[in-house]
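Novice:
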Amino acid sequence: MSISTILDLKQAQDLYDNGKLDKSLQVIEEFEGKKLIPPEEHLEWLILKGKVYSALGYPEEAKKITQEAYQKSKTLGSKLHVFDALIAKIWVLLYYIKWTVHQFGSLIEEKTVLQLTEQLENIFTNFKGIPPTELMNRESDLMHLKGIIYYYVKKEFTKAIEHFNKALMIQEKLGNKSRIAEILMSFVRLYYFKGDLDESITYSVQIIANNEFPKIYKCKAFGRLVYALRNKGDLERAIKFNKQWQKFAKEINYKPCLAASFRMTSEMSRMKGDLDRALEFGKRSFKIAVFPQLKLTVLLTLIEINIEKEDFEEVNNYLNISKQIVDNSNNEALKREFQLSKAIVLKSSANIRDRIKAEMILKDFIKLDSLDVHSNEWALIQLCDLLLAELLRSNDMNLFDEINPIINLLSEHALKQNSSWKLAETYLLKAKLAFIQMNMGEARKFLTQAQEIADNKGLGLLAQKISNEHDILLEQLSKWKNMKEKEPPLSERIELSSFEGVIKRLLETRTTDPPEVIEEDPILLMILAEGGVLLFSYPFTDEWKRDNQLFGSFLTAFTSFSDEFFSEGLDRVKFGQYTVLMETVDNFSIGYVYKGQTYPAKQKLKYFVEKIQKSALIWQTLEKFYQTSQVIEFKDFPFLEAFITDIFAGNIPQFKK
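In case it helps, our numbering puts the sequence shown at residues 5 to 661.
1) Which residue comes first and which comes last in the alpha helix (DSSP H) that contains residue 463?
2) Are the stretch 171 to 191 and the stretch 141 to 151 touching, with three or more C-beta to C-beta distances below 8 Å?
3) Which runs of the beta strand (DSSP E), 3 residues or longer, sit entirely within the stretch 404 to 458?
4) So, at 7 Å on beta carbons, what are the nonlocal neighbours of residue 289 in its own chain, with the 5 sequence-adjacent residues on each side left out?
5) Return the first residue and the last residue of the alpha helix (DSSP H) that residue 342 is part of.
6) Who are the Cβ neighbours of residue 322 in its own chain at under 6 Å, not counting the five residues just before and after it?
7) Taking 8 Å as the line, does the beta carbon of residue 646 fall inside it for any heavy atom of the ligand SAH?
8) Using a Cβ-Cβ cut-off of 7 Å (strictly less than) and excluding sequence neighbours within five positions of residue 281, which residues of its own chain qualify?
9) Starting from the Cα of residue 32, find the closest Cα among 69, 63, 61, 64 and give me that residue.
10) Where does residue 525 sit, in a helix, a strand or coil, going by DSSP?
11) Beta-carbon separation of residue 201 and residue 232 under 9 Å?
12) Kindly indicate the opening and closing residues of the beta strand (DSSP E) around residue 598.
13) Measuring straight from C-alpha to C-alpha, what distance separates residue 300 and residue 595?
14) Looking at residue 389: is its Cβ nearer than 9 Å to the Cβ of residue 351?
15) Under a three-way DSSP split, which group does residue 23 fall into?
16) Once DSSP output is grouped into helix, strand and coil, what is the label at residue 589?
17) I'd like to confirm the pairing. Which residues does DSSP put opposite residue 543 in its beta bridges?
18) Tell me the DSSP bridge mates of residue 578?
19) Hey, residue 279 and residue 309 are a contact pair by Cβ (cut 8 Å); roughly how many whole angstroms apart?
20) From what residue to what residue does the alpha helix (DSSP H) around residue 61 run?
21) Using a Cβ-Cβ cutoff of less than 7 Å, which residues in the same chain neighbour residue 438 once the five nearest sequence positions on both sides are dropped?
22) Residue 573 to residue 540, Cα distance in whole Å?
23) DSSP three-state call for residue 80: helix, strand or coil?
24) Can you grab the Cα-Cα spacing for the pair residue 636 / residue 523, in whole Å?
25) Count the other CB atoms within 10 Å of the CB of residue 415; is the residue buried (16 or more) or exposed (fewer)?
26) Alpha helix (DSSP H) containing residue 626: first to last residue?
27) In whole angstroms, what separates the C-alpha of residue 575 from that of residue 188?
28) Closer than 6 Å by C-beta to residue 495: which residues in its own chain qualify, once you throw out the five before and the five after it? Chain order, please.
29) Thinking residue 387 and residue 361 are a contact (beta carbons under 8 Å), I'd like their distance in whole angstroms, please.
30) Classify residue 533 as helix, strand or coil using the three-state DSSP reduction.
31) Does the beta-carbon of residue 401 have 16 or more other beta-carbons within 10 angstroms, so that it is buried, or is it exposed?
32) Closest to residue 287 by C-alpha separation, out of 325, 258, 534, 138, would be which residue?
33) Spell out a yes or no on whether the stretch 463 to 470 and the stretch 584 to 594 are touching, meaning 3 or more CB-CB pairs, one atom from each, closer than 8 Å.
34) Tell me whether the beta-carbon of residue 140 lies closer than 9 Å to the beta-carbon of residue 80.
35) Determine the contact status of residue 423 and residue 235, defining contact as a CB-CB distance below 9 Å.
36) Identify the continuous alpha helix (DSSP H) that holds residue 310 and give its terminal residues.
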C-alpha cells in the first residue's frame, strides 16, 4: 500500500474515531473516485465504509457494502483478508438485527451470524505465518465478537464477560486505545442490559475520563451513562450528564448521538411535567434522526406528549407521519411499531369502541412475542394501564382475572431483560393490587421483594419509596383489617392503594420523587444467640421499660414460629408504635427496635452488621460470650457504646460515606 493511501486511510479512520462521520465518508468516496485502485487497498476502504454507514444509521447500505467486501476478499487468496472482511460483515449484520429486525428479532439472521462466526473461528485456527502483532489483533477481534454474540444473541453474560476480558487483555498489551475503548463500551452495554446499572456507570465514566480514547466512544459512553442514571431513578444527575452529552455530541457533530440526546431531554422533561420543553426537544430529535426505528420511537414520544396535552390534531398528524415511514419501508418491525402507536392513540379516546380496538391490538401484539422484546414489554404496560383505567371507571372485580396475568407477564419480561427498575416497580404494583384484593400477606411479600431488588441494584430512590410504602401499610394495617371485615366498596380500596404513581413511572411519564428521609428514633438494639439467649442489649432511651431478656426470647420464638413471616418476604414487624428489624449472622440474631421510617433504620442496621463482621475483636467477643451464655456488659467491652451510638444515633451511614 502506498504511503499516500496509508495516510488517506488513517485520515478517514481518525475522522470516524472522532465522530466526524460525514467527513470520513467524504474522504472514502474521494478515494474511490480514483482509477486503478489495487484490490487489497479497495478492500480496506470498503470495510471502513461499511463501519461508517453503520454508524450513520444506514444498516441496509452497510450490509451491502460489507457483503461486497467479503466477496472481494475471497478472490484475493489471503485468509487474513477474508477474516477481516468476514468480521466486518458479522458486525454489520448484528447492527442490522438491532436496527432493522430490531433487538434479537430474527432467528434467520441470528442463525446466519452464528454460522459465519463458526467459519471465522475456522479461518483463525488455520492461520499460518502471520506476524505476532497481526495475529494478536485478530484474536482480540474474535474474542470481542464472540463476547457480543454471547450476550447479544445467546444471553450468556458470564461467557460474554470472559471473552471481553480476553480481548481487553490483548489490546492492553498492544496499546491500541481505539480498540480498548470499543471493548470497554461493550462492557457498558452488557452491564446495562444485564441490569447492573452501577457497573455500567463505572465503565462509562472510565471511557469518558480517558482523553486518549476516540471521541465517538466517549460520546456513546455519555449516552449510556444518562440512560443508566435515568433508569436508577436519579433524574437530576441524568439531566446534568445529558447536558454534557448534548454539548459533546454537538462539538463533534455526531448526529445519531445528538438525536438520541434530544430525545432523552424530551423524555425526562415529560417525566418532570414540562410538556412544552418535552415537545420542543422531541421535534428537534425527529428533525435530525436518521434511523427509521429511532424516527418512529421519537414520533411515538411526540404522540404521547400531545395526548397528555390533549392536542389530538397533532396526535393524528404524528400518527400519519409514522404511517408514511412504515408505508415506505418493507420492515416488519416498523409495521409492528406503528400498530403500537395506533393502539396508544385509540387507547386515549373517550370512545369505548376505540378503547376496545386498542385492547385487541395490544393483545395481538403481545401474542407475537418472537420479535422486539422492548415493544412487547411496552405493549404489556400500555395494556395494563388500559385495564387499570377500566377498573377505576367500572369498579369491576372481575377485571383482576385479566390484570393479574398481564402483570405476571410484565414481571417475566422485566426479569428476562434484567430491567431491575421495571421489575421492582412491577412488584410494587403487584403489592398495591394485592391490597385492593385484601391479600395483605401477598402485599407485604411483594413489597419486600420489590425493595430487595431496588436495594441490590443500587436503585436508592426507588428503595426508599418502596420502604415508605411498606411503613404506611403497617401503620394502616388495622384500617385495612377493618375494611376486610366490612367489605368496603372497591373504589375506597383503590383510593387507599394509590397505584397511579407506579403505572405512571412504568409508562415513563413521571419520575420517582425523592422521598424525605427522616432519621428514625432508636429505641433498642439487641444481640441474641441461638435459642433466644440474650448476649447484649442497649436501650437508647428511658421510654423502653420492658424486660429485654423476655423480649429477646419472645422475638426468637416469634421469628422461629413465623419463619414464614421472614422467609416469605416480610422484612419488618410492627408492635404498636414500635417497628422491629431482624438480621441473622451465623449463630446470632440482631434485633433493632425503633420508631419512624424503616429505610434509614435498615441502612444503619446493615452498616452495623457489616462493621461487626469485619471486626475480629467484636466477633471473637461474641463467640466467647455465646459459648459461656453470658451477657456482654460495657465494662467488658468499653468502646462498644461509642461504636453503637456513632452508627445508630449519628448520621445515616449511606449519606455519611
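The beta-carbon is built from N, C-alpha and C at its ideal position, and this holds for glycine as well. Please read all numbers here as calculations on a predicted model, not as lab measurements.
Specialist: Put simply:
1) Run containing residue 463: none; DSSP gives neither H nor E here.
2) yes
3) Within the stretch 404 to 458, no run of beta strand (DSSP E) reaches 3 residues while sitting entirely inside it.
4) 263, 266, 267, 270, 302
5) 336 to 351
6) 303, 306, 307
7) With respect to the ligand SAH, the structure shown offers nothing to examine, as it has no ligands at all.
8) 273
9) Nearest neighbour of residue 32 by Cα position, chosen from 69, 63, 61, 64, turns out to be 69.
10) strand
11) yes
12) 592 to 599
13) 54 Å
14) Between residue 389 and residue 351, the C-beta spacing is below 9 Å.
15) coil
16) strand
17) 528
18) 583
19) 6 Å
20) Counting along the chain, residue 61 falls outside any alpha helix (DSSP H), and DSSP gives it neither H nor E.
21) 446, 447, 450
22) Reliability fails at residue 573, whose pLDDT of 47 lies under 50, so the model's placement of it is uncertain and the value that follows must be treated cautiously. One C-alpha to the other measures close to 27 Å.
23) Coil at residue 80, not helix or strand.
24) Separation of residue 636 and residue 523 (C-alpha to C-alpha, rounded to the nearest whole angstrom) is 27 Å.
25) Per the 10 Å Cβ criterion, buried.
26) 620 to 632
27) About 38 Å.
28) 399
29) With a Cβ gap of about 13 Å, residue 387 and residue 361 do not count as contacting.
30) strand
31) exposed
32) 325
33) no
34) no
35) yes
36) Residue 310 -> alpha helix (DSSP H) spans 296 to 313.
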